[in-house]
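To get our numbering, take the position in the sequence shown, counting from 1, and add 5. The beta carbon of each residue, even a glycine, is placed where N, CA and C say it ideally should be. Presented below is the structure to which this report refers.
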Amino acid sequence: MGLCSCCCRCLEIMCAILLPPLGVCLRHGCCSMEFWISVLLTILGYLPGVLYAAYVICSVDPDRVRRRGDSDDDYIYVA
């Protein structure tokens, strides 16, 4: 993971703390299921929105999900 990738992820996490759907939108786009789940959780409560956004940004690889299409195993865990 390069320096630019690390800086981008840090920026996404900071955006996710301030406004959870924005951080998810930067990582996955505004038409993804992850984004709409983040919007719903943020409406229901700020903390669940932040926790979900941090989880999605840190552990779900958006490129892998798009390549595979519709599959039962959509989440790829990265460290």
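For residue i, the three-state DSSP class (helix, strand or coil)
i	result
residue 36	coil
residue 16	helix
residue 45	helix
residue 24	coil
residue 65	coil
residue 54	helix
Sequence-distant residues of its chain with Cβ nearer than 6 angstroms to residue i (five each side left out)
i	result
residue 52	none
Residue i beta carbon near the ligand ZN (any heavy atom closer than 7 angstroms)
i	result
residue 26	Absence of the ligand ZN from the depicted structure is noted, as is the absence of any ligand whatsoever, leaving it without description.
Residues of its chain near residue i, where Cβ-Cβ distance is below 8 angstroms and the 5 sequence neighbours each way are ignored
i	result
residue 40	26, 29, 30, 33, 34
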